[in-house]
Amino acid sequence: MAKKVLVTGGLGFIGSHTVVELQNKGFDVVIIDNLSNSSIAVLDGICNITGKLPEFEKIDLRDRSKVQAFFKKYNNLSGVIHFAASKAVGESVNKPLLYYENNINTLVYLLQEFCEMPAANVIFSSSCTVYGQADELPIKEHAPIKPAESPYGNTKQIGEEIIKDTCSAHNNVTAIALRYFNPIGAHESTYIGELPIGVPQNLVPFITQTAAGIRTQLSVFGNDYPTEDGTCVRDYIHVVDLAKAHVVALERLLSGSNKSSFEVFNLGTGKGSSVLEVINSFEKVSNKKLNYSIADRRPGDVIAAYADTEKANKELGWKATLSLDDALLSAWNWQKKLSKL
Ligand code: WQD
Numbered sequence: 001m002a003k004k005v006l007v008t009g010g011l012g013f014i015g016s017h018t019v020v021e022l023q024n025k026g027f028d029v030v031i032i033d034n035l036s037n038s039s040i041a042v043l044d045g046i047c048n049i050t051g052k053l054p055e056f057e058k059i060d061l062r063d064r065s066k067v068q069a070f071f072k073k074y075n076n077l078s079g080v081i082h083f084a085a086s087k088a089v090g091e092s093v094n095k096p097l098l099y100y101e102n103n104i105n106t107l108v109y110l111l112q113e114f115c116e117m118p119a120a121n122v123i124f125s126s127s128c129t130v131y132g133q134a135d136e137l138p139i140k141e142h143a144p145i146k147p148a149e150s151p152y153g154n155t156k157q158i159g160e161e162i163i164k165d166t167c168s169a170h171n172n173v174t175a176i177a178l179r180y181f182n183p184i185g186a187h188e189s190t191y192i193g194e195l196p197i198g199v200p201q202n203l204v205p206f207i208t209q210t211a212a213g214i215r216t217q218l219s220v221f222g223n224d225y226p227t228e229d230g231t232c233v234r235d236y237i238h239v240v241d242l243a244k245a246h247v248v249a250l251e252r253l254l255s256g257s258n259k260s261s262f263e264v265f266n267l268g269t270g271k272g273s274s275v276l277e278v279i280n281s282f283e284k285v286s287n288k289k290l291n292y293s294i295a296d297r298r299p300g301d302v303i304a305a306y307a308d309t310e311k312a313n314k315e316l317g318w319k320a321t322l323s324l325d326d327a328l329l330s331a332w333n334w335q336k337k338l339s340k341l
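Structure below.
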């Protein structure tokens with residue numbers, strides 16, 4: 001009997017790629033998604049890749065009664081991977097209570113159900129944003145957690161603390177928080193990928209939409225930073241590498257190989273790339289000249305952030321294998337399919 005895993009937000013960008021990798025490893029998957037930032041068509045995309053249609057429940061996790069009903073129906077879960085959350089940094093500054101309700105209340109409702117399970121193995125979607133501008137690079141997991149620069153970032157910090165306290169108080173709950181650096185790219189099949197709603201806030205979807213003619217020009221937010229070429233540095237990790245790390249982390253908990261009830265891992269490539277380096281890589285793999293101009297700095301941006309991957313490599317036994325070029329080519333292929341180019 002295959003183990004069944006709940007993936008909340010499983011129709012989203014990282015969630016859908018993780019569902020594919022779970023199915024590839026023989027897990028049955030049930031997805032909860034409220035479709036607020038995703039499309040039901042992603043289910044078919046997943047099925048086109050794996051040949052297996054995940055179970056799907058359209059539930060808004062802010063409705064506690066619906067969450068309780070779900071766990072009455074699905075009472076044999078082996079694990080949960082929790083992606084469902086609002087994640088737009090800028091929006092969170094303008095709508096903090098929407099973020100605290102949607103990212104924190106829902107987590108508490110889920111944890112209350114996990115505590116009733118015989119064994120709850122939980123993987124939590126966290127973010128390198130918890131480090132703010134780290135004092136040392138590359139960033140290790142024990143780097144100080146800085147005061148959050150946005151309500152979104154705060155919900156990730158608070159979320160980790162809530163889970164940690166729950167694991168300490170309930171010995172049937174174990175968890176791993178995965179702190180993502182910058183997820184980019186799309187599945188090589190082009191059946192699934194990133195579906196930004198409205199004007200993309202993140203660099204790579206803005207680049208691909210500019211190359212596709214949807215956006216006129218990319219603004220590079222500042223070239224006067226203390227970096228090699230003056231533009232900000234980030235650790236861009238292929239979403240498929242990131243998805244595979246979630247399966248490895250879940251298997252760590254299922255096998256009881258975790259060293260404590262709550263663990264944290266940075267998920268990045270360990271390599272920093274500047275905005276201009278990303279643009280150059282994109283132009284190389286797409287063979288297209290990108291229209292961009294230098295603009296003012298974006299408030300809240302950190303200068304540089306890239307992961308120390310030693311802990312994930314050694315303890316999780318996971319390492320990113322795909323390059324920046326691989327990720328940008330996959331993002332461009334996905335964009336061309338979306339735009340029917
Ligand atoms: C990357 C770099 C921008 C757009 C955010 C969240 C983080 C995580 C990943 C959820 C920066 C520059 C961007 C543009 C630009 N999300 N840029 N022009 O800000 O590192 O991280 O997404 O977990 O929590 O904070 O990613 O892609 O927005 O920006 O010059 O049109 O690209 O200034 O240097 P970021 P990003």
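First residue of the sequence shown: 1, per full-length UniProt numbering; consecutive thereafter. Note that CB positions come from ideal geometry on N, CA and C, so glycine has one too.
Rounded distance between the beta-carbons of residue j and residue i, thought under 8 Å
{"i": "V275", "j": "T231", "result": "4 Å"}
{"i": "A119", "j": "N103", "result": "With 8 Å as the limit, A119 and N103 do not qualify as a contact, their Cβ atoms being about 25 Å apart."}
{"i": "E160", "j": "F124", "result": "7 Å"}
{"i": "K340", "j": "F265", "result": "Incorrect: roughly 39 Å between the Cβ atoms, too far for contact."}
{"i": "P147", "j": "Y100", "result": "16 Å between Cβ atoms; not a contact."}
{"i": "L329", "j": "A249", "result": "27 Å between Cβ atoms; not a contact."}
{"i": "L61", "j": "T129", "result": "Going by Cβ atoms, the distance from L61 to T129 rounds to 21 Å, so no, they are not a contact pair."}
{"i": "S286", "j": "W332", "result": "5 Å"}
Chain-order list of residues whose beta-carbon lies under 7 Å from that of residue i (same chain, five-residue window excluded)
{"i": "N76", "result": "K4"}
{"i": "L53", "result": "L43, C47"}
Cut-off 6 Å between Cβ atoms - residues of its own chain near residue i, not counting five sequence neighbours on either side
{"i": "R64", "result": "Y109"}
{"i": "E194", "result": "F13, P205"}
{"i": "D28", "result": "A2, K4"}
{"i": "I49", "result": "V20, S189, Y191"}
{"i": "L6", "result": "V30, L77, V80"}
{"i": "T166", "result": "L111, V173"}
{"i": "D229", "result": "S274, L276"}
Contact check, residue i vs residue j, beta carbons under 8 Å
{"i": "G51", "j": "L254", "result": "no"}
{"i": "V42", "j": "L11", "result": "yes"}
{"i": "G153", "j": "F83", "result": "no"}
{"i": "I139", "j": "Y306", "result": "yes"}
{"i": "K201", "j": "Q335", "result": "First, the amino acid is wrong: residue 201 is Gln here, not Lys. No."}
{"i": "L203", "j": "V278", "result": "yes"}
{"i": "T18", "j": "I81", "result": "yes"}
{"i": "L242", "j": "L290", "result": "no"}
{"i": "E263", "j": "I197", "result": "no"}
{"i": "T216", "j": "I237", "result": "no"}
{"i": "I303", "j": "Y225", "result": "yes"}
{"i": "K271", "j": "D235", "result": "yes"}
{"i": "T8", "j": "I40", "result": "no"}
{"i": "Y292", "j": "V199", "result": "no"}
{"i": "K284", "j": "A211", "result": "no"}
{"i": "L178", "j": "L267", "result": "yes"}
{"i": "F282", "j": "I207", "result": "yes"}
{"i": "S126", "j": "K156", "result": "yes"}
Opening and closing residue of the beta strand (DSSP E) in which residue i lies
{"i": "G79", "result": "77-82"}
{"i": "S125", "result": "120-127"}
{"i": "F265", "result": "262-267"}
{"i": "H17", "result": "Element bounds for H17: not the beta strand (DSSP E) but the alpha helix (DSSP H), 13-24."}
{"i": "R179", "result": "173-180"}
{"i": "A295", "result": "292-295"}
{"i": "V7", "result": "4-8"}
Same chain, Cβ closer than 8 Å to residue i, five either side skipped, listed in chain order
{"i": "T227", "result": "V233, S274, I303, A304"}
{"i": "S261", "result": "C167, S168, N171, V173, T174, A175"}
{"i": "K35", "result": "With the sequence shown as reference, residue 35 is identified as Leu, and Lys is not the correct amino acid for it. Here the set comprises L11, K58."}
Residue i: first and last residue of the uninterrupted alpha helix (DSSP H) it sits in
{"i": "F27", "result": "Here F27 belongs to no alpha helix (DSSP H), and DSSP marks it neither H nor E."}
{"i": "residue 385", "result": "Nothing about residue 385 can be read from this structure; the chain reaches only from 1 to 341."}
{"i": "K244", "result": "239-254"}
{"i": "E277", "result": "275-286"}
Inter-stretch contact (C-beta, 8 Å, three-pair minimum) for the region 322-337 and the region 184-192: yes
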